[in-house]
Structure formats: C-alpha cells, structure tokens
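Let me begin by presenting the structure, written as structure tokens, before commenting on it.
Numbering (this note's numbering), first residue to last: 39 to 787.
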C-alpha cells in the first residue's frame, strides 16, 4: 500500500498522512480531496511513499488535478521556506498559488434532508424561516456561506445561520473550490488575452539598446554564468541612473534566446511604472505582470500563461518569486534593499530576496541582486564571496546631482514657511525655467519622537541604541525593543537646552503651505492617501511625465523608480525623521532614502540639485549622501553593527505575542522572554517589550527578539526554535491558549 503526505493551509507545521487507494494514481504536486477532522478539505500532495505509519490512516477521496500543478523544484523550495521561516507548507502554498488553483475548500450551507429535520417550523423565528426558505431554494447545491453572509449583512438572518444549525435544519458542508478546467477553457477562448500583462494587446516589441563599455563589463560575468547553466549570484551595485535595467534586459534576452525563462522582482508594481514599461516594450507578449490589484481571474490567466510557457518573463512584487516559470535561467531582484520584499503578516514571513537566492540555487539559475544602495547584509555577503560584486559607478548620460545639506539650526529665523531660503529660491527658479521639482517629506506612520531644536539630538535607548518613541498621553519615552521607559526630560541630555519639541508634519499640511508659497504652480501629492484607489498612482505619474504638474510632493514612495528628465530640483524636509523610527536599521534606511531620492534629479542633460533640510547635518548618513559615497557609509555602519552585534553579525528572530487580554499577553511575553534567556543567554535576548503599535484591533502586541549566530542554517535554527515552541506548547494549560505566538525569522526591524 502506498501513502501520501498532504499539506493544508493551516498553521500546523507537520504534513498529514493518507492512504492512496489502488484505484487512484497521483504524483507529488497535485491537489487531493480528503477527510480532515470531521470535514472535507483540499490538501496538496508533497510526497508519496511506501512507509506504513504507526497510526491509522484515512484514504484519499479524490484527486483534483490530472497533472502536477506544482513542480518538483517548487516543492523543494516550499519545504525549505517552511523549515527556515517556521511556518507550514500549506501556508506557503496558499501564498504561492492563485485562488483558482488554491488549496482552500468552500463552505456551503445546505438544508438537512427532510427525514432528519424537526417535525414543525412553528418554533422558528421570522428570520430563521426566511433563511431556511432561501437555503432550500438552492437544493443540493446550497448557498456559499460567505455569499449568504454578504447578502444578509447586518440583518437577523446572519445570526439565524447558527441557530438553524443548532436546531437541526441546515448544515455546513465543504466542497473543492476549484475552477481550473473552466478557467483554462475561458482563457483558451481568448477572454483574457488582452489583459495578461497590462491590458494592451498587440504590443510592439522594441530592440534593446546597446550597452555602454561600463555596462558591458558588468554584463559579461552574468552572460558567462548563463552559458554555464549553473547557480551563481551577483550583486550589481550601480549608482542611480547608471543603467542597471539595461544590464537586466540583456541578460534576460540571452535567457530567452536559449529558450529559458526569467523572473524580475520589483518592490511594488504601482511604484515602478517606468521599470515595468521598459520590460513590456522589449518583451511584449512574452511578458506577464503580476500584482496585488489584479482580480482573481486576471491572476489565474497570468498564472496559466506562465505555466504553459506562453509567458517566459515574469515581472512582479515579492510573491512573483513563486511564478511557475519552467526552465528558469535568471532571477533579478531590483532594488534588493527595499523592505517591501519582506512579508510580515500573515505567514509565511519570508524575504523574497533570500527566497530568490534559494530558488536560483535549486533550479541552477543565475540570481542578480541590483541596487544603488545595497543592504548591509547583501554587501557583507558579497565581501564574503557569497555574491560576485559588479559595479556601475557613473551615469552614461548626465552627472550625479549636487547635494546640499542645510542645517536647520542656521535657518530657523529665515524661513519661507517650511522651506529654507535656498530651497524656496531653487524651486522658484525651476518654475521660471519651466522645469519640475520634487519635495519629499519623510514621515513614517506613528513614529512620533522628541527632538532638541538646538542641537538636533533625538533621545535613544541606553540599552539598544535605537530612538525612543514619544507617547504623548503619558508624556513618556519608550523603547520598543528592550522595554526601557522614562519620562520626557525637561532638558536635552546632549546640550542642556530646554528646547525639546515633538516632531511630525503631514504631507497634506505641507501641500497647503506650498500652494500658498507658489500660488500659480500645479502641485500633485503622492502618498498612501492620494493613491489608495486603483490607477491613481499611474494618473499622478502620467501628469508629471506630461508636464502637467510643476511640483510633485510626497512621501518616500517618490524615491522608487521614477525617472523624470525635467526634474532638476529635489527638496527633502525633516530628513532625519527616519532616525526617529525605532529600528537598528534606521541609519541604513536614511542613507538609502537620501541616495534614492537624490537620484531623481538631473537624470538627463540638465544638472540637478538636491537640498536636504535637517537638524542633524553632521550625521554620517547625510555626509555620505552628500558625496554620493556608499563606501563611506557602509564602512561606518558596518562598524556600528559589529560593535552592537546587529545583523549581519547576528540573525534577528522576533517572537510576536498577541492577545485580547493585556495582562495575560504581557505575562506570557515575560514567560517567553525568560524561556529564551535560558536557551540563548541574557545578552542575546531583547525584551520583552510592547510592539511599535501596542494595541491593534483590540489585541495587545508584545515582542521578544533573540540574536543568533549569522551562520545558522535552517537545519540548526529550526531545532533551536522548535525547543522554545515546545516549551510554550507544554505550558499552554497555564493560559497560552488565549494568546497567539508568531515567529519572524530574519526580522528587518
């Protein structure tokens, strides 16, 4: 007798064993319909074997796919993700597969057969009778439970679902939620042929531009690696505007010439329209674009197109790393430093850059990590020989913009609203020349803080070397890593000044002030509020591109992927705000943001000038950004990290504890912290402490972080974490059942 191991979309990490009836044949990678805990469910077969388990097994009811929908290589990748990121394989498959071919069953409400029903409806309420009549009208098919709740949203009939079940009139059944065959037929009929990538059919394919000598030098090692068809990873470090995308295009073109495929990861599709457009121009119908705002049918259409080999090049955000590209030759991770590549919630909490490296290794493909400001972790990997370093140090057209760091202490008495005289005049002159400007206000969410207006000092935690968060209601400063807290001081601990001020100005307020300063200018604002609806980001982008806007104002999303030749002035306000975010990566993020936004200026034949307003002009990140000197910054930051034992000199694993009862949640977080200290040692544990946002949706959030050996592989890290989890599982009777525990491996904050 043969057996199959199945994964389900639950947090349970182990697979489930089922008998394989002699009438059924299957391979790993197909979905199966099986009994599970009194109901029926869809699972994905990850392994078939002959080893009889010591416990009783149930048989598989049916196989849903004639052929595997997941390749053997992808099964290996999913198993690695499950082990490394401490999640279930089913959770990974739920992320990797579109809903049309997913592993989630559909719950439906049907009437109980007449013979098993109560004798009379007299005891039923009006709402129960209405609902029962509606359910019976659907016969054996029944109602989708989710659809029924939407239909009667806010009405008594929703409550009647539970009462009718309890009284024996209706029951919930589960059926396979699969539309594979019908979707394939629809796609083959051409229904989605026009929208597989961008909604435009009959795209014209443009030739790729020849490389400059510097670009050719960077491309040559990648070309050689592609010819060898063996795994190799590269770090392409190129200044903004140096032509990294041209190198990507040539590498992908070579892969296509060999009949192979490619995946290109970008931080966010909506924020990188020009990058995506360039791939569309060059690869046309061979390109599939994946993104979160596609409908389920659009995602399924693209997925099938990729699986059948019609689309050989895939461009998308982090989840595109799971695209079913066959004969994969190259994976490109553009802007590899970007934090959007890290998944936070729900599980799997993976980093797409590291998954890309592992997938390339499994499939013997080439992986290219590109950035003007590589993450310290990736840079360290290149120094250790894990990645081959390639450099592009100059722009082929135009020069790097001049950067002026403006210390605000010198300008407080001579300001035009929120702008220094220099920045105000520069924007005014650019308007007179009919050029465009970008103004960035670097404001991060809820990270309020206190700053000295005399010297610019921001209070830091004495235990963690990260900035402390200002809690106005309690007039307290709190560290969200160690839990250290104290009242807001009356004097600056650095210079003794009494001029301590809470900081924070929004982009909407800034927009109003700029409109007063430049009444005849057309100002467009680009932030999460102004781009919340579909296509709003594209509309703003097109307006600036066509010259219909004079000043583009926004948050750090302005630093991503925008290339406007007519932009000659960039202004950055409250530039040091990034340092107020309580993270050991704050300085790195600040330097990356300054360098990336500076790269928006002077990208054509017109010189650019960047003005950075800050109270911390002497900070190393600003000094390095002023000179476009990445090596200066990385050398300094590396020494700081090494002294404090932060990544890449350790690996950060964060345990998130959340629950509805604050006292219980805090108690369990403290118990977890004690358990971690017993296993990892006092010096390697941070916390427990409140999460950055302590209460979300009526749940209290606390966290504990540990530092582990940076060389720890999954085979070493997993047993260590598993011992901790088992200890928690062993004391669940003491109240752990009321809280949730999540594990974030390689946490970035």
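Beta carbons are placed, not taken as given, at the ideal position from N, Cα and C, and that holds for glycine.
Exposed unless 16 or more other CB atoms sit within 10 angstroms - verdict on residue 282: Counting C-beta atoms within 10 angstroms of its own C-beta, residue 282 has 16 or more neighbours from the protein chains shown and is therefore classed as buried.
C-beta atoms of residue 312 and residue 601 nearer than 8 Å: yes
Cα-Cα separation between residue 222 and residue 341, rounded to whole angstroms: Note that residue 222 scores a pLDDT of 48, beneath 50, so its modelled location is shaky and nothing firm can be said.
Short Cβ contact (8 Å threshold) for residue 835 with residue 82: Past the edges of the chain, shown from 39 to 787, lies residue 835, and the structure says nothing about it.
Residue 636 and residue 589 closer than 8 Å at C-beta: Between residue 636 and residue 589, the gap from beta carbon to beta carbon reaches 8 Å or more.
Test item: CB-CB of residue 696 and residue 647 under 8 Å: no
Local conformation of residue 740 per DSSP, three classes: strand
First and last residue of the uninterrupted beta strand (DSSP E) at residue 342: No beta strand (DSSP E) contains residue 342, which is instead part of the alpha helix (DSSP H) from 334-345.
For residue 117, the three-state DSSP class (helix, strand or coil): helix
Helix, strand or coil at residue 36 according to DSSP, with G and I counted as helix: The requested residue 36 is not part of the displayed model; the chain covers only 39 to 787.
7 Å Cβ shell around residue 183 - same chain, five flanking residues per side excluded: 145, 146, 147 and 210
Element boundaries [beta strand (DSSP E), containing residue 379]: Per DSSP, residue 379 belongs to no beta strand (DSSP E) and is neither H nor E.
Contact between the stretch 454-470 and the stretch 659-669 (3+ Cβ pairs under 8 Å): Cβ pair count under 8 Å is below three, so no.
Uninterrupted beta strand (DSSP E) stretches inside the stretch 363-436 (no shorter than 3 residues): 366-372, 404-409 and 426-430
Member of 376, 295 and 347 whose CA lies at the smallest distance from the CA of residue 303: Here the closest residue by C-alpha is 376.
Counted within 10 angstroms of its Cβ, other Cβ atoms place residue 262 as buried (16 or more) or exposed: exposed
Integer Cβ distance of residue 386 from residue 123, believed to fall under 8 Å: 5 Å
DSSP three-state assignment for residue 133, whether helix, strand or coil: Residue 133 falls in the helix class under three-state DSSP.
Residue from 471, 492, 405 and 426 whose Cα sits closest to the Cα of residue 447: Each of 471, 492, 405 and 426 was checked against the Cα of residue 447, and the nearest Cα belongs to 492.
Cβ shell of residue 699 (< 7 Å), same chain only, five flanking positions each side left out: Excluding sequence neighbours, residue 699 sits near 776.
Simplified DSSP state of residue 232, which is helix, strand or coil: Reliability fails at residue 232, whose pLDDT of 44 lies under 50, so the model's placement of it is uncertain and the value that follows must be treated cautiously. Look at residue 232 here: in three-state DSSP terms it is helix.
Rounded separation between residue 514 and residue 530 - CA only: 15 Å
Rounded separation between residue 553 and residue 563 - CA only: 11 Å
Option in 314, 488 and 359 with minimal Cα separation from residue 541: 488
Nearest-angstrom Cβ-Cβ length linking residue 272 and residue 431, presumed shorter than 8 Å: Not confirmed; about 16 Å, so no contact.
Span of the alpha helix (DSSP H) around residue 359: Per DSSP, residue 359 belongs to no alpha helix (DSSP H) and is neither H nor E.
Among 46, 49, 100 and 45, nearest to residue 59 - alpha-carbon criterion: Ranked by Cα distance from residue 59, the options 46, 49, 100 and 45 are led by 100.
Rounded separation between residue 334 and residue 137 - CA only: Rounded to the nearest angstrom, the two C-alpha atoms are 7 Å apart.
Secondary structure of residue 323, DSSP reduced to three states: helix
Touch test, the stretch 45-57 against the stretch 117-133, Cβ-Cβ under 8 Å, three pairs minimum: Inter-segment contact for the stretch 45-57 and the stretch 117-133 is present: three or more beta-carbon pairs are separated by less than 8 Å.
Environment of residue 76 [buried if 16+ CB atoms lie within 10 Å]: Exposed.
Distance CB(residue 363)-CB(residue 476) smaller than 8 Å: no
Euclidean distance between Cα positions of residue 45 and residue 161: 43 Å
Unbroken alpha helix (DSSP H) run spanning residue 174, endpoints: 164-174
Check whether residue 784 and residue 389 have beta carbons under 8 Å apart: yes
Heavy atom of the ligand MN within 7 Å of residue 129 beta-carbon: This structure does not include the ligand MN; it has no bound ligands of any sort.
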